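First to last, the protein sequences are chains A and B.
Going letter by letter, the first sequence gives residues 5 to 265 in the working numbering.
Going letter by letter, the second sequence gives residues 5 to 380 in the working numbering.
What follows is a set of notes on a single structure, which appears directly below.
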Amino acid sequence: MERFPIGMILLMIVAVLIYFGLAQRILDRMRLTDKAALVIVAAIFLGSFINIPIPFANIEGSINVGGAIVPIGVAVYVLSRAGTSKEVVRTLFAIAATAGTVYLFNSFVLAADPWQTGRDIIDPLYIYPIVAGTIAYIVGRSRRGAFIAATLGVLILDIVNFSVLLATGIRGTVAVGGGGAFDVIVLSGLFAVLLAEVVGETLERIQGGPRTEGRSRELIKGLQDIESPTPARKPTENNDVIEDKNDNEPLEMEGEEKHEK
Amino acid sequence: MKSRLIVIAAAVCLFLTISISPSGLSAGFLEEFDFHSSAYEPFEIYNEDNELLSVMARVVQVGDELIAFDDKHYRIDRVEGRKAFAVYVGKHDIEPMKLPMVSSLPAQREGAGNNVIAIYHTHSDESYVPSDGTESIPGSGGIFDVGEVFTQALEEQGFTVIHDLRAHEPRDAQAYNRSRRTAVELLKQGPSVLIDVHRDGIPDPEFYREKISGMHATQIRLVVGRQNQNMESNLDFAKHIKAAGNEIHPGIVREIFMAQGNYNQDLTPRAILIEVGTYTNTKEEAKAGAKLFAEIMPAVMGVTPGVPGPPDQGSDWRTVFWILVLTVIGVGGFLVISTGSWEGAVNKAKQFVTKEWANYIGFKKKSRKGNNNKEE
C-alpha cells in the first residue's frame, strides 16, 4: 500500500466523498430523514464489501449487499409506503416501462460493441442511468417513483441476462449489484431522483412557481412558501419539516406533479 | 392518462414477449448481436501530410487523441466516412526515464511484491483466428491464455498478480457494466494497477506484428477512456508505460489512443485497457507481446532499483482540483436554479452548514440569540 502516491489516494478519497455526499443529499430528497439517508449511504458503502455467491449451472452468480440488496430494499420499502393501490400499480408500470425501455435500448439502439459501430455518444455506463432515470421519472412522476422504477428496472436486465446465459449454456457471470456503491443499479436510482429534482425544480422555476390549481389547501400553503428566501421544506423552530407533512399521503396524488415544497 | 397506460402496457408486453421467449434468448439472439470484427471496415487516421498514423476497429470521433508510435501527439480534427484526420498538437511531455539496463533474465525486483496488479477481461470471447480457429469463443476466448502468460511474466518480475477469469457474456453494450462488477471486486483486494486485457478488431495482422527485442511479437495499444474524471491521471499513467516501453523494449507499446468511453477507468486513476495484437495475429505472437509488456512494468511501477517512485502525481492533484471545481459549479448551479436567485442560493448554502446537520448528533441547535432563526 505504501506504493500508492498521496495524490492518487487524495483523488480517490475526494471522488468517493463527493459521490457519497451527493448520494446522501439525493436520498434525502425522497422524504427520508437526514439520518435515514445517511444510514442508507453507509449501508450501501459497507454492504459493497459483502458478496453473497449464488452459483447456478454455467453461471457464476452472486448478489452484492450494498449494490443490490440495500437499494432494492429501500425501493421496496418506499413502494410499500405508497398510500393507495393505484400508486403501487402506477409505480409497477413505471418499473416495467423502465425495464422494457432499457432492454430495448440495449438491444436495438446501443452498439452491440460499444464504440465499435458508431451509434454511441455517451458510454453505456451513463446511458442506463439516463434512460432509466428519464423513463422512471416520466412514468413514475415522483422522486420516489423514479428511484423505485430505475432501481428495479435496471435490476431486471440482470434477470434477462441470467435467462440468456441459462438458455445458451454459455459460461457467464451475473453479479447483481457487484459494482457495490458504483454499480449501475445504484447509479440509476440516484440519477433518477436527481433528474426528478433538477427537472422538477427547473420546470417550476420556468413556469414561475409550482402549479396550485386543483391542489389541496394544505399543500398550496406549503407551495406558496417556495418564493421566500428560506424555502418551506427547511426545518422550522420545532425542527418540523414542512415537506414531511405529506409523508403519510400517497406516493403521489392524482394529477399532481411531484415537486411538492 | 388512458393513452399513457396503453403505451406502457404495449411496452411491457413487448418486453415480456422478447425476454421470456426461449427462442428470443438463445442462438438467434446471440447471432444477431454477436460481434464480428471483420464485418466492420476499420477507421484510418491520417496526419496533415496525409500519412497513415493508425488504424482502428473502434469508431474514431472528433476530439479523440492519439499519441503515435513516435510519441507525437495528435487530435482528431475531422472524420470523413472511415477516414479520420488528425492535427499535430506536440510531442508528449514525459521526461525520458532514467531506467537501468534490463537483464535478459527475469529478476526479482525490489519492492515489487508490495505491488498487486489485477488483470481481467471484459470481452471474454476475444480470440485469435490463426490459433483458436475463430475470432470469438463466448465464455472462454483465447484472450484468457494471453492473460495467463501476462500473469506469469508479471509474477516472474516479482509482482503479486490477480488474474480474474470471469466471463462477461454476451458481448453487448452491457459488457462493461458486467465487467465493472469484476473490476470493483478486484479493487477490493487493493491492486496498484487494474488492467483490462483485450485484442483488437482490425483485419491487418501486420499492423501489430513486429520484431521486438529479438522476439516476434505483437505490439500493444493502450486505450484511455475520455469519459471519466480520472482521464488525466490514467493518461499520465499510460504515458509512463509508453516511456518505459520505449526505453526497455522499443516498439512494444505502439501507441496511446484516447477514445470516447469510460472503460471502467472512473474506478481508479491507475486503470488501463490494453489491446494485445488483433484477431488475425497468432496467439503465440500475442503471448510474446504480453511477456515483453510485463517486463516493462517494474519500471512503470517504480519498483526497479534506481528508478524514483511511481508515476508523477501532478495529474492526480490537477484532477482533484477539477473535481472540486466542477462540484462547486454543479451544486451552485442547482442552488441558483432551485432558489431562483444568487442570494437564495447563498442562503441555502448557509443553511446547509448550520441547521441541516443539527439533528445528526441527536440534538437540536438551541438559538442563543433570539433572532437566530430570522437570520437564517
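The beta carbon of each residue, even a glycine, is placed where N, CA and C say it ideally should be.
Keep in mind it's a predicted model, so treat the numbers as computed, not measured.
Segment contact: the segment 58–71 of chain A against the segment 83–93 of chain A, fewer than three CB-CB distances shorter than 8 Å; contact not assigned. B:Gln161 has a beta carbon lying at 9 Å or more from every beta carbon in chain A. Where A:Asn68 is concerned, the enclosing beta strand (DSSP E) starts and stops at Ile63 to Asn68.
Taking a Cβ-Cβ cut-off of 7 Å, A:Ile67 has no neighbours in chain B, whose nearest Cβ is about 11 Å from it. Spatial neighbours of B:Asn51 in its own chain (CB-CB distance under 7 Å, excluding positions within 5 residues in sequence) are listed in chain order as Leu57, Tyr78, Ala90 and Tyr92.
Within the segment 180–196 of chain B, the residues whose Cβ lies closer than 9 Å to some Cβ of chain A are Tyr180, Asn181, Arg182, Ser183, Arg184, Arg185, Thr186, Ala187, Val188, Glu189, Lys192, Gly194 and Ser196, listed in chain order. Contact between A:Leu161 and A:Val82 is absent: CB atoms are separated by about 21 Å, not below the 8 Å threshold. When Cβ-Cβ separations below 9 Å define contact, A:Tyr141 makes no contact with chain B.
For B:Arg258, there are no C-beta contacts with chain A under 8 Å, since the nearest C-beta of that chain is about 19 Å from it. For the 9 Å CB-CB criterion, B:Pro134 and B:Glu173 do not form a contact. Among the bridge pairs identified by DSSP, B:Glu48 is matched with B:Val59 and B:Lys87. Contact between B:Gln161 and B:Ala247 fails: their C-beta atoms lie close to 18 Å from each other, not under 8 Å. Remark: C-beta atoms of B:Asp204 and B:Lys291 do not approach each other more closely than 9 Å. According to the DSSP assignment, B:His96 belongs to no alpha helix (DSSP H), since it is labelled neither H nor E.
Here B:Met219 is bridged, per DSSP, to B:Ile216. Neighbours of B:Ser58 in chain A, taken as residues at a C-beta separation under 8 Å, are lacking, since the least C-beta distance is about 15 Å. The C-beta of A:Leu21 has fewer than 16 other C-beta atoms within 10 Å across all chains shown, which makes the residue exposed. Judged by DSSP secondary structure, A:Met34 falls outside any beta strand (DSSP E); it is assigned neither H nor E.
Its Cα nearest to that of A:Leu26, the residue B:Leu328 stands out among B:Trp346, B:Leu328, B:Asn266 and B:Phe241. B:Pro273 carries a coil assignment under DSSP once its states are collapsed to helix, strand and coil. With a beta-carbon spacing of about 7 Å, B:Ile147 and B:His127 fall inside the 8 Å limit used to define contacts. Around the beta-carbon of B:Arg82, fewer than 16 other beta-carbon atoms lie within 10 Å, marking it exposed.
Going by DSSP, A:Pro57 is part of the beta strand (DSSP E) stretching over Asn55 to Pro57. Contacts with chain B at 9 Å (Cβ-Cβ) include A:Leu161. No Cβ of chain B is located within less than 9 Å of the beta carbon of A:Ile56.
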